[in-house]
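K.L.:
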Amino acid sequence: MPLLSALRLNMTNAPGAGHAERYRAALAMASYADANGVTAIGCEEHHLAATGWLPAPLMMAAAVAGCTTDIRISVNALLVPLYDPVRLAEDIAVLDQLSAGRVSFVAGIGYRPEEYHAVGKDFRRRGRLMDECLQVLLKSWGDEPFEYHGRMIDVTPKPYTKPHPMFFIGGMSTAAARRAARFGLPFSPPMPMPEIEATYREELARNGRQGFVFSPENGNTVTHLTTDPEATWARCGRYFLHEATEYSSWAVPEVPRPNEAPTATIDEMRASTKIEVLTPEELVAQCRAGRSGVTLHPLIGGLPLDDGWESLRLLVEKVLPALAP
Numbered sequence: 132m133p134l135l136s137a138l139r140l141n142m143t144n145a146p147g148a149g150h151a152e153r154y155r156a157a158l159a160m161a162s163y164a165d166a167n168g169v170t171a172i173g174c175e176e177h178h179l180a181a182t183g184w185l186p187a188p189l190m191m192a193a194a195v196a197g198c199t200t201d202i203r204i205s206v207n208a209l210l211v212p213l214y215d216p217v218r219l220a221e222d223i224a225v226l227d228q229l230s231a232g233r234v235s236f237v238a239g240i241g242y243r244p245e246e247y248h249a250v251g252k253d254f255r256r257r258g259r260l261m262d263e264c265l266q267v268l269l270k271s272w273g274d275e276p277f278e279y280h281g282r283m284i285d286v287t288p289k290p291y292t293k294p295h296p297m298f299f300i301g302g303m304s305t306a307a308a309r310r311a312a313r314f315g316l317p318f319s320p321p322m323p324m325p326e327i328e329a330t331y332r333e334e335l336a337r338n339g340r341q342g343f344v345f346s347p348e349n350g351n352t353v354t355h356l357t358t359d360p361e362a363t364w365a366r367c368g369r370y371f372l373h374e375a376t377e378y379s380s381w382a383v384p385e386v387p388r389p390n391e392a393p394t395a396t397i398d399e400m401r402a403s404t405k406i407e408v409l410t411p412e413e414l415v416a417q418c419r420a421g422r423s424g425v426t427l428h429p430l431i432g433g434l435p436l437d438d439g440w441e442s443l444r445l446l447v448e449k450v451l452p453a454l455a456p
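Residues 132 to 456 (the numbering used here) are what the sequence shown spells out, left to right.
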């Protein structure tokens, strides 16, 4: 089976650094990846982040779609309750048309109250807001007008993909699994979770629905490729740490998250599963032993552009050819 390869573009940066050059580099990397057989590009969403964590994933996905032709584009996760439901349905439909159906998304609920406050939404109502938005999305993409706040509306344009763009319900909770089953939508926890997945399948059967589970085999572990891992850790470890430190600061005791581990120092970062620094030869050996996927993070935490490009080029020039059928 060919290696499933992806780029993660969440646009985290060193605090206080500029962003314009890095956004241009992200699109250049996306175009290069598309032209050289990389499978997918992932965007994501967070707000009020010191690192500049991408707050506008649909805009970024549209920019990526505009400079590529074949590569799949995912938004993981899109914080659905933060949006006006009809505007979100319109934006996704236009994005689906722009990309000719190459964009998918994971509908997430989020766990940071400040993100809800920033857009005037009540964090305590997040479950209800999620359900309402999902209902409106599905009705908006259907062929018939529907009643919305007491009036009939017909949202246009309709999506390119029929019956609607591919999307999943994300999460690591029983509530998320039940919601996915209730709507008859696929479920995508960020890592394999057998008990939660079993709940999803039980709820599918109880509701007379069909669905499936998709989760990455390595959770949210990302990979950086280099010819000299030790020198790369010495030179780039602080950039890896920038993103990990901010992510760790958002931890909520009652909210499980993948790869949760202390990462206050570079040594702790190296000991965690958040990022692996490998040579191309090491990655090829792992893939020949059964590994099926890899996600590069070439702009992590303000990483110098030259290092990000080196990682991507090593994937394209050394890894993918070695694993080609």
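Note that CB positions come from ideal geometry on N, CA and C, so glycine has one too.
1) Which residues in the same chain have their Cβ closer than 7 Å to the Cβ of Arg243, if we skip the five residues on either side of it in sequence?
2) State the beta-bridge partners of Ser235 as determined by DSSP.
3) Whole angstroms are fine: how far does the CA of Val234 sit from the CA of Ser423?
4) Which value, in whole angstroms, describes the spacing of the CA atoms of Leu134 and Gly281?
5) Between the region 198-207 and the region 266-274, do at least 3 Cβ pairs fall closer than 8 Å?
6) Closest by CA to Thr404, which one among Pro384, Gly432 and Ala375?
7) Going by beta carbon distance, what residues of the same chain come within less than 7 Å of Ala192, once the five residues before and after it are set aside?
8) Using a 10 Å radius around the Cβ and a threshold of 16 neighbouring Cβ atoms, would you call Glu448 buried or exposed?
9) Nearest to Leu335 by CA position, among Tyr370, Leu316, Gly432 and Ala194, is which residue?
10) Using CA atoms only, rank isn't needed, just tell me which of Leu189, Ala307 and Pro288 is closest to Asp262.
11) Just tell me which of Ser346, Ile406, Phe299 and Glu333 has its CA closest to the CA of Trp364.
12) According to DSSP, simplified to helix, strand and coil, what is Ala192?
13) Note down the Cα distance separating Leu436 from Cys367, rounded to an integer number of angstroms.
14) Is Ala362 close to the ligand FAD? I mean its beta-carbon at under 7 Å from any heavy atom of the ligand.
15) If I'm right that Pro323 touches Ser346 with Cβ under 8 Å, what's the distance once you round it to whole angstroms?
16) Could you spell out where the alpha helix (DSSP H) holding Ile397 opens and where it closes?
17) Alpha carbon to alpha carbon, what distance is there between Leu427 and His355?
18) Of all the options Leu451, Glu361, Glu399 and Ala362, which has the alpha carbon lying nearest to the alpha carbon of Ser379?
19) Report the residue ranges of all beta strand (DSSP E) runs contained in full by the region 360-422; include only those spanning at least 3 residues, in chain order.
P.N.:
Taking the coordinates as given:
1) Around Arg243: Trp381.
2) Residue pairing of Ser235 in beta bridges, as defined by DSSP: Ser205.
3) Roughly 21 Å between the two C-alpha positions.
4) If you take the alpha carbons of Leu134 and Gly281, they lie about 50 Å apart.
5) Segment contact: the region 198-207 against the region 266-274, fewer than three CB-CB distances shorter than 8 Å; contact not assigned.
6) If you compare the alpha carbons of Pro384, Gly432 and Ala375 with that of Thr404, the shortest gap goes to Ala375.
7) Cβ neighbours of Ala192 within its own chain (closer than 7 Å, five residues either side excluded): Cys174, Ile204, Val206, Leu226 and Val234.
8) Looking at its Cβ environment, which holds fewer than 16 other Cβ atoms inside 10 Å, Glu448 is exposed.
9) The option with the nearest alpha carbon to Leu335 is Leu316.
10) Ranking the options by Cα distance to Asp262, first place goes to Ala307.
11) For the residues Ser346, Ile406, Phe299 and Glu333, the minimum Cα distance to Trp364 belongs to Ile406.
12) Here Ala192 sits in helix by DSSP.
13) Leu436 and Cys367: Cα-Cα distance of roughly 11 Å.
14) Summarising the ligand content, the structure contains no ligands, and the ligand FAD is consequently not present.
15) Taking C-beta atoms under 8 Å as the contact rule, Pro323 and Ser346 qualify, at a distance of about 5 Å.
16) For Ile397, the uninterrupted alpha helix (DSSP H) segment begins and ends at Ile397 to Ala402.
17) Our two residues, His355 and Leu427, have alpha carbons roughly 6 Å apart in a direct line.
18) It is Glu399.
19) Runs of the beta strand (DSSP E) inside the region 360-422: 406-409.
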